[in-house]
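**Student:**
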C-alpha cells in the first residue's frame, strides 16, 4: 500500500522525538521535508557530523512518499591534491558494506555517507528509519581517523583501511 507523505514525515519525527534527539525541520518548497541533526563524535578524531534525513514525495503524486534519504557529512573536505587517494580510501571502505555508502564530491571535496529507503509500496519499519540516523554516524566513527590520515597525507588508502580493519 502506498505511503502518505504525512505518515513518512511522522515516522521520522517520532523516531527523533522518542530518542530525545534535538533537530530542526524544513519543508522545502512545500515538496519535501528535511530533518537536520548535529552530533558530537566520540570514537574518532573527527569532532562532529551532521545528518540530514529527507522525506521525498512521488513525482506523480506529491501526497505519496517515494523514498527517505539520509546524508551524513563531516566538517572537513578532501583537498584537490588528495582527491584520488580519498576516492580510493572511500571505495575500499565501501567494499562489502551492507547498507549505504560513502560518497566524494570531486568538485568541492565533500565527503558524505548516504542511505536510502524505498517507500513506494510500504512504510519501512521503525528500526530501518532509526538506521537512517545512527548508521551513517557509526560509519564516520569507524572510518573517521582513516579519512583524516588520508586527507593529511599521513597514510596511503590501503594502509589506512588495513589499520581500521585490524
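In my numbering, the protein residues as written are 5 to 170.
Beta carbons: idealized from backbone N, C-alpha and C, even for Gly.
Everything numeric in this text was worked out from a predicted model, so none of it was measured.
(1) On a CA-only basis, which of 132, 56, 101 and 83 is nearest residue 146? Give me that one, please.
(2) May I ask you to verify whether the region 55 to 65 touches the region 148 to 158, counting CB pairs closer than 8 Å and requiring at least 3?
(3) Determine the burial state of residue 83: buried for a count of at least 16 other Cβ atoms within 10 Å of its Cβ, exposed for fewer.
(4) Per the DSSP calculation, residue 122 is bridged to which residue(s)?
(5) Could you tell me the alpha carbon to alpha carbon distance between residue 48 and residue 119, rounded to whole angstroms?
(6) Would you be able to state if there are at least three C-beta pairs under 8 Å between the region 27 to 43 and the region 102 to 110?
(7) According to DSSP, simplified to helix, strand and coil, what is residue 35?
(8) Between which two residues does the alpha helix (DSSP H) holding residue 25 run?
(9) Could you tell me which of 111, 163 and 17 sits nearest to residue 130, measuring between CA atoms?
(10) With a CB to CB cut of under 6 Å and the five nearest residues on each side skipped, what residues in its chain are close to residue 62?
(11) When you compare only the Cα positions, how much space is there between residue 121 and residue 149?
(12) Just how far apart, CA to CA, sit residue 8 and residue 91?
(13) Who does residue 46 pair with in a DSSP beta bridge?
(14) With 16 other CB atoms within 10 Å as the buried threshold, where does residue 110 fall?
(15) Give me the residue from 114, 27, 35 and 14 with the minimum Cα distance to residue 64.
**Tutor:** In brief:
(1) As a first step, residue 146 must be located in the chain shown, where it is residue number 142. Of the candidates 132, 56, 101 and 83, the one whose C-alpha sits nearest the C-alpha of residue 146 is 101.
(2) Contact fails: fewer than three Cβ-Cβ distances are below 8 Å.
(3) In the chain shown, the residue the question calls residue 83 occupies position 79. Counting Cβ neighbours within 10 Å, residue 83 comes out exposed, since fewer than 16 surround it.
(4) Position 118 of the chain shown holds residue 122. Its beta-bridge partners are 71.
(5) In the chain shown, residue 48 corresponds to position 44, counting from 1. In the chain shown, residue 119 corresponds to position 115, counting from 1. So the two alpha carbons sit approximately 21 Å from each other.
(6) The region 102 to 110 vs the region 27 to 43: no contact.
(7) The count along the chain shown starts at 1 and reaches residue 35 at position 31. Coil at residue 35, not helix or strand.
(8) Along the chain shown, read from residue 1 onward, the residue named residue 25 stands at position 21. For residue 25, there is no enclosing alpha helix (DSSP H), since its DSSP letter is neither H nor E.
(9) Walking along the chain shown from the start, residue 130 turns up at place 126. Of all alpha-carbon atoms in 111, 163 and 17, the one lying nearest the alpha-carbon of residue 130 is that of 17.
(10) Numbered from its first residue, the chain shown carries residue 62 at position 58. Non-local C-beta neighbours of residue 62 in its own chain, meaning closer than 6 Å and more than five positions away in sequence, comprise 68 and 70, ordered along the chain.
(11) Within the chain shown, numbered from 1, the residue matching residue 121 stands at position 117. Within the chain shown, numbered from 1, the residue matching residue 149 stands at position 145. Those two C-alpha atoms are separated by around 28 Å.
(12) The residue given as residue 8 occupies position 4 in the chain shown. The residue given as residue 91 occupies position 87 in the chain shown. For the pair residue 8 and residue 91, the Cα-to-Cα distance works out to about 37 Å.
(13) Your numbering for residue 46 matches position 42 in the chain shown. Answer is none; residue 46 lacks a bridge partner.
(14) The residue labelled residue 110 in the question sits at position 106 within the chain shown. So residue 110 ends up on the exposed side.
(15) Taking the chain shown and counting its residues from 1, the one referred to as residue 64 is at position 60. When each option's Cα is compared against that of residue 64, the closest is 35.
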